[in-house]
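Chains as they are written, first to last, in our numbering: chain G, 2 to 324; chain V, 70 to 344.
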Amino acid sequence: MSRVSSETLRRSLDRARKGVGSSGAGRSPGKSGSRRRGKVAWTLVLFALPSVVLLVLLNAYPVIYAALQSLRNGDLIDPGAFVGLANYATVLQSPDFWRAAGFTLIFTVVGVFGSWAIGLALALLLRPRTPGGGIFKVLLLLPWVVPIVVSAMSWNWLVATPQSPLPMLTKALGLGDTLFLADPTLAQITVCVFKVWISFPFMMMMMSSALASVDVNVYEASRVDGASAWQTFRHITLPMIARSTFISWILMTIFCVNDFPTVFLLTGGGPLQSTQTLVVLAYSTVFQNFQTGPGVAIAFLMTLVLVVISVFLYRRIRKVDVA
Amino acid sequence: MSALAETTGGRIRWVRFSALTLIAAVVLVPLAAVVLLSLQPAFGSSSQGFTFENYVSVFSQTAIGTWLGNSFLVSLVTVVVAIVVAAPAGYVLSRGRGRLVSGYSLGLFVIQSLPVITSVIPLFILFAGLGLVDSLGGIIILYVGGTLSVATWMMAAYFDSIPVTLEEAAWMDGCSVFTGFIRIVLRNSLPGILSTAIFSFLLSWNDYLVAVIFLRSEQNYTLPIGLQTFFQQNQTDWGPVMTVAVVMMVPPILIFALLNRYFSVGGIGGSLAGR
Numbered sequence: 002m003s004r005v006s007s008e009t010l011r012r013s014l015d016r017a018r019k020g021v022g023s024s025g026a027g028r029s030p031g032k033s034g035s036r037r038r039g040k041v042a043w044t045l046v047l048f049a050l051p052s053v054v055l056l057v058l059l060n061a062y063p064v065i066y067a068a069l070q071s072l073r074n075g076d077l078i079d080p081g082a083f084v085g086l087a088n089y090a091t092v093l094q095s096p097d098f099w100r101a102a103g104f105t106l107i108f109t110v111v112g113v114f115g116s117w118a119i120g121l122a123l124a125l126l127l128r129p130r131t132p133g134g135g136i137f138k139v140l141l142l143l144p145w146v147v148p149i150v151v152s153a154m155s156w157n158w159l160v161a162t163p164q165s166p167l168p169m170l171t172k173a174l175g176l177g178d179t180l181f182l183a184d185p186t187l188a189q190i191t192v193c194v195f196k197v198w199i200s201f202p203f204m205m206m207m208m209s210s211a212l213a214s215v216d217v218n219v220y221e222a223s224r225v226d227g228a229s230a231w232q233t234f235r236h237i238t239l240p241m242i243a244r245s246t247f248i249s250w251i252l253m254t255i256f257c258v259n260d261f262p263t264v265f266l267l268t269g270g271g272p273l274q275s276t277q278t279l280v281v282l283a284y285s286t287v288f289q290n291f292q293t294g295p296g297v298a299i300a301f302l303m304t305l306v307l308v309v310i311s312v313f314l315y316r317r318i319r320k321v322d323v324a
Numbered sequence: 070m071s072a073l074a075e076t077t078g079g080r081i082r083w084v085r086f087s088a089l090t091l092i093a094a095v096v097l098v099p100l101a102a103v104v105l106l107s108l109q110p111a112f113g114s115s116s117q118g119f120t121f122e123n124y125v126s127v128f129s130q131t132a133i134g135t136w137l138g139n140s141f142l143v144s145l146v147t148v149v150v151a152i153v154v155a156a157p158a159g160y161v162l163s164r165g166r167g168r169l170v171s172g173y174s175l176g177l178f179v180i181q182s183l184p185v186i187t188s189v190i191p192l193f194i195l196f197a198g199l200g201l202v203d204s205l206g207g208i209i210i211l212y213v214g215g216t217l218s219v220a221t222w223m224m225a226a227y228f229d230s231i232p233v234t235l236e237e238a239a240w241m242d243g244c245s246v247f248t249g250f251i252r253i254v255l256r257n258s259l260p261g262i263l264s265t266a267i268f269s270f271l272l273s274w275n276d277y278l279v280a281v282i283f284l285r286s287e288q289n290y291t292l293p294i295g296l297q298t299f300f301q302q303n304q305t306d307w308g309p310v311m312t313v314a315v316v317m318m319v320p321p322i323l324i325f326a327l328l329n330r331y332f333s334v335g336g337i338g339g340s341l342a343g344r
């Protein structure tokens, strides 16, 4: 039995080291002869085809269209005239854009690492058998499960006016009137906390499943070797969940930067545009000021940064080593 | 194991339990508030304590039944289509190799990082030409597109946990890749399929941006838009608003409560190792 499990462990370490994608999870299907391999390749192409067609139609086409639109001065109905990079120049010179870019950065960094730290901590807390562990798992997933329209509404109720419960509480504690959504800095903090509250369950799930795939025999070995809990976490757990961690960071970065409803439904970007992210700015530029060109240009600049970050992190995944 | 070690283990377990209880209580305050407010008596009502008045009035006076039906239809169709498309695509990511697969994999990332706001405008114009604006079919297509990248990745991640040796054995017996995929891989992927289904369901059930731009007439509203419209009309009257909110959050919560145990089922690698 122990021979088989150590064999499985070795293979999974090997897989984790290689990563998936080009190096693959296992041996290639087509081993016996090139005709067989060609047939396998065709099957895989057919497997991917529906997804590729949908992605091209629903994602690639609109982006190309939007790219062209960002070079014109039209609106939603009229494509307008070609203006070159004028929209980008306008956007890059606008203080609104830079302010929104700044807040998007804060919102994303807090959102990604805040939710990851809490999610991982809870996943570790939930891993051993605990009485009622299953129920806690469900309860702690709820902020992510509940529709954002609902949670934004309830947070609104909780903090929006001076008569709301939380401001009343801070007043009773002698902290004076705290206007969570009226003071620019407090509103920024509130939005970030709200985002972490929504997102940590996703991280908890990602980290739980990553932890579940770590072979328990490794822990037994490290305990026998006399490693402390922190050493075990730092040198065994973290490296073994590194790949999932990077994937979760990438996904959460994308979720945060592209997040529209969290901000829009809670503050609408206010007060004084302090919580305006780039997406909300792009939305209001297109759908409230009807300037399609600059609006799409904002979205494009944002996308560019995001793609660079994604590709960078994506390449990091491949380099992850079980050191 | 000695009695001492057992007591220590018990104490640690108890500390962990208390910590979880405290954390869950704090985290769930906003959601508990929604439920409690929905059970308060309405304005000018004579009843005391908890009551279901708001539920009666909301179901008799708003189009909530229609919104609920629309949301269910849209979400369920999205889930089925997304799985059917994402499962084979995920298999390609998990087992395939070479330049093409790497490119495809990178392409998924890039596409996933594109903001919805960029593609919404051109799609709105395109869909207007095809008569798909203000139609449930239109937003289903958009939700499938929106969920596809993550769904594919989730399926691939689950397939990774299935040892390729199982398929190899089937190929030895003369199975084709397709049959092996259906009979061996998919059959052992219920937890992966379920979590992908839940992800797609949540995305379509909870979406606000696409629905607010594409849905125009009230008979086509899904719940988020219905709720938001209702909220704007009754800002001061929290009871009925929170009632609609409760109706909207119950289905996803139920699904999670019921399907949660599938998440605890580890990859089948563990069962292989134990033999």
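Built from N, CA and C at the ideal position, the CB exists for glycine as well.
(request) From the DSSP output, in three-state form, read off Phe-261 (chain G) for me. (result) Here residue 261 (chain G) is taken as the residue at index 260 of the first sequence, counted from 1. In the structure shown, Phe-261 (chain G) sits in coil (DSSP, three-state: anything other than H, G, I, E or B).
(message) Is the separation between the beta-carbon of Gly-159 (chain V) and that of Met-224 (chain V) shorter than 8 angstroms?
(response) Taking the first residue of the second sequence as position 1, residue 159 (chain V) is located at position 90. Taking the first residue of the second sequence as position 1, residue 224 (chain V) is located at position 155. In contact: Gly-159 (chain V) and Met-224 (chain V) (Cβ atoms closer than 8 angstroms).
(request) Check the Cβ of Lys-138 (chain G) against every Cβ in chain V and list those closer than 7 angstroms, keeping chain order. (result) Residue 138 (chain G) sits at position 137 when you count from the first residue of the first sequence. Neighbours of Lys-138 (chain G) on chain V, chain order: Asn-329.
(message) If the criterion is Cβ atoms closer than 8 angstroms, does the pair Leu-296 (chain V) and Met-317 (chain V) meet it?
(response) Numbered from its first residue, the second sequence carries residue 296 (chain V) at position 227. Numbered from its first residue, the second sequence carries residue 317 (chain V) at position 248. Yes, Cβ-Cβ distance for Leu-296 (chain V) and Met-317 (chain V) is below 8 angstroms.
(message) Just to confirm before moving on: does the CB-CB distance between Leu-183 (chain V) and Val-194 (chain G) stay below 8 angstroms?
(response) Here the question's residue 183 (chain V) lines up with position 114 in the second sequence. Here the question's residue 194 (chain G) lines up with position 193 in the first sequence. Cβ distance not < 8 angstroms, so Leu-183 (chain V) and Val-194 (chain G) don't count as in contact.
(request) Jot down the residue ranges of each uninterrupted alpha helix (DSSP H) in the stretch 109 to 185 of chain G, minimum 4 residues, whole runs only, in chain order. (result) 116 to 127, 134 to 146, 149 to 160, 166 to 173, all fully within the stretch 109 to 185 of chain G.
(message) Given this structure, state the Cα-to-Cα distance separating Gly-31 (chain G) from Arg-166 (chain V), to the nearest angstrom.
(response) Within the first sequence, numbered from 1, the residue matching residue 31 (chain G) stands at position 30. Within the second sequence, numbered from 1, the residue matching residue 166 (chain V) stands at position 97. The predicted position of Gly-31 (chain G) is uncertain, since its pLDDT is 44 and thus under 50; a value taken from the coordinates is nonetheless stated next. If I take the Cα positions, the gap works out to 11 angstroms.
(message) So Pro-99 (chain V) and Trp-156 (chain G) are supposed to be a Cβ contact under 8 angstroms. How far apart are they, rounded?
(response) Along the second sequence, one-based indexing puts residue 99 (chain V) at 30. Along the first sequence, one-based indexing puts residue 156 (chain G) at 155. Indeed they touch by this definition, with Cβ atoms about 6 angstroms apart.
(message) Judging by CA-CA distance, which residue of V:Ile-152, V:Ser-107, V:Val-127 is the nearest neighbour of Gly-261 (chain V)?
(response) Locating residue 261 (chain V) in the second sequence gives position 192, where the first residue counts as 1. Residue V:Ile-152 is the option with its Cα nearest to Gly-261 (chain V).
(request) Please decide whether Asn-60 (chain G) counts as near chain V, where near means a Cβ-Cβ distance under 8 angstroms. (result) One-based indexing of the first sequence puts residue 60 (chain G) at position 59. Yes, its Cβ sits closer than 8 angstroms to a Cβ of chain V.
(request) Anything in chain G within Cβ reach of Ile-180 (chain V), meaning under 8 angstroms, just list it in chain order. (result) The residue labelled residue 180 (chain V) in the question sits at position 111 within the second sequence. Simply Leu-56, Asn-60, Ala-61.
(request) Reducing DSSP to helix, strand and coil, say where Arg-256 (chain V) ends up. (result) Here the question's residue 256 (chain V) lines up with position 187 in the second sequence. Helix at Arg-256 (chain V).
(request) Output yes or no for whether 8 angstroms exceeds the beta carbon distance between Met-311 (chain V) and Leu-91 (chain V). (result) Locating residue 311 (chain V) in the second sequence gives position 242, where the first residue counts as 1. Locating residue 91 (chain V) in the second sequence gives position 22, where the first residue counts as 1. Their beta carbons are not under 8 angstroms apart, which means Met-311 (chain V) does not touch Leu-91 (chain V) by this criterion.
(message) Just to confirm, is the Cβ distance from Ser-37 (chain V) to Tyr-227 (chain V) under 8 angstroms?
(response) Beyond the ends of chain V as shown, which are 70 and 344, falls residue 37 (chain V); an answer cannot be given.
(message) Any contact between the stretch 271 to 280 of chain G and the stretch 161 to 179 of chain V? By contact I mean 3 or more CB pairs, one from each, below 8 angstroms.
(response) no
(request) Please confirm whether Asn-303 (chain V) and Val-139 (chain G) have their CB atoms less than 8 angstroms apart. (result) Residue mapping note: residue 303 (chain V) aligns to position 234 of the second sequence, counting from 1. Residue mapping note: residue 139 (chain G) aligns to position 138 of the first sequence, counting from 1. No, the Cβ-Cβ distance between Asn-303 (chain V) and Val-139 (chain G) is not below 8 angstroms.
(message) My output table needs one value for Phe-299 (chain V): the three-state DSSP class, helix, strand or coil.
(response) For the purposes of this step, residue 299 (chain V) is identified with residue 230 of the second sequence, where counting begins at 1. Looking at Phe-299 (chain V) - three-state DSSP - the assignment turns out to be helix.
(request) In angstroms with no decimal places, state the Cα-to-Cα distance between Val-309 (chain G) and Leu-177 (chain V). (result) Taking the first residue of the first sequence as 1, we reach residue 309 (chain G) at position 308. Taking the first residue of the second sequence as 1, we reach residue 177 (chain V) at position 108. Going by the C-alpha atoms only, they are around 14 angstroms apart.
(request) Could you work out which residues of chain V lie near Leu-267 (chain G), taking near to mean beta carbons separated by less than 7 angstroms? (result) The residue given as residue 267 (chain G) occupies position 266 in the first sequence. In chain order: nothing, as chain V lies at least about 12 angstroms away.
(message) Can you give me the C-alpha to C-alpha distance between Ile-299 (chain G) and Leu-108 (chain V), rounded to a whole angstrom?
(response) Indexing the first sequence from 1 puts residue 299 (chain G) at position 298. Indexing the second sequence from 1 puts residue 108 (chain V) at position 39. Roughly 44 angstroms separates the two Cα atoms.
(message) Buried or exposed, going by whether 16 or more other CB atoms sit within 10 Å of the CB of Ala-82 (chain G)?
(response) For the purposes of this step, residue 82 (chain G) is identified with residue 81 of the first sequence, where counting begins at 1. Label assigned to Ala-82 (chain G): exposed.
(message) Between the alpha carbons of Ala-26 (chain G) and Val-233 (chain V), how many angstroms are there, rounded?
(response) As a first step, residue 26 (chain G) must be located in the first sequence, where it is residue number 25. As a first step, residue 233 (chain V) must be located in the second sequence, where it is residue number 164. Summary for Ala-26 (chain G): the model assigns pLDDT 43, below 50, so the residue's position carries little reliability; its value from the coordinates is reported in the next sentence. If I take the Cα positions, the gap works out to 8 angstroms.
(message) So within the stretch 188 to 235 of chain V, which uninterrupted beta strand (DSSP E) runs reach at least 3 residues, ignoring any that extend past its ends?
(response) Entirely contained in the stretch 188 to 235 of chain V, not one beta strand (DSSP E) run reaches 3 residues.
(request) Taking only beta-carbon positions, decide if Leu-180 (chain G) is within less than 8 angstroms of chain V. (result) In the first sequence, the residue the question calls residue 180 (chain G) occupies position 179. Closer than 8 angstroms: no.
(message) For Ile-294 (chain V), which residues in the same chain have their Cβ closer than 8 angstroms to its Cβ, ignoring the five residues on either side in sequence?
(response) Along the second sequence, read from residue 1 onward, the residue named residue 294 (chain V) stands at position 225. So the list reads Trp-136, Tyr-277, Ala-280, Val-281, Leu-284, once near-sequence residues are dropped.
(message) I'd like the span of the alpha helix (DSSP H) that includes Glu-122 (chain V), first residue to last.
(response) Here the question's residue 122 (chain V) lines up with position 53 in the second sequence. Glu-122 (chain V) -> alpha helix (DSSP H) spans 122 to 130.
(message) My assumption, with CB atoms under 8 angstroms, is that Ala-68 (chain G) sits in contact with Phe-301 (chain G). Please give the rounded CB distance.
(response) Position 67 of the first sequence holds residue 68 (chain G). Position 300 of the first sequence holds residue 301 (chain G). Contact holds; Cβ gap of about 7 angstroms.
(message) Could you check whether the Cβ of Val-310 (chain V) sits closer than 8 angstroms to any Cβ belonging to chain G?
(response) Indexing the second sequence from 1 puts residue 310 (chain V) at position 241. Chain G contact via Cβ: present.
(message) So Val-192 (chain G) and Val-264 (chain G) are supposed to be a Cβ contact under 8 angstroms. How far apart are they, rounded?
(response) For this step, residue 192 (chain G) is matched to residue 191 along the first sequence. For this step, residue 264 (chain G) is matched to residue 263 along the first sequence. Confirmed, Cβ separation roughly 6 angstroms.
(message) I need the straight-line Cα distance from Ile-194 (chain V) to Ala-90 (chain G), nearest angstrom please.
(response) In the second sequence, counting from the first residue as 1, residue 194 (chain V) sits at position 125. In the first sequence, counting from the first residue as 1, residue 90 (chain G) sits at position 89. For Ile-194 (chain V) and Ala-90 (chain G), the distance between alpha carbons rounds to 26 angstroms.
(request) Using a threshold of 8 angstroms, state whether the C-beta atoms of Leu-143 (chain G) and Thr-268 (chain G) are closer than that. (result) Stepping through the first sequence from its first residue, residue 143 (chain G) is reached at position 142. Stepping through the first sequence from its first residue, residue 268 (chain G) is reached at position 267. No. Outside cutoff.
(message) I'd like to know whether the C-beta of Asn-139 (chain V) is nearer than 8 angstroms to at least one C-beta of chain G.
(response) Within the second sequence, the letter at position 70 stands for residue 139 (chain V). So no, Asn-139 (chain V) is outside the interface.
(message) In whole angstroms, give me the CA-to-CA distance for Phe-300 (chain V) and Leu-127 (chain G).
(response) For this step, residue 300 (chain V) is matched to residue 231 along the second sequence. For this step, residue 127 (chain G) is matched to residue 126 along the first sequence. Between the C-alpha atoms of Phe-300 (chain V) and Leu-127 (chain G) there is a straight-line separation of about 37 angstroms.
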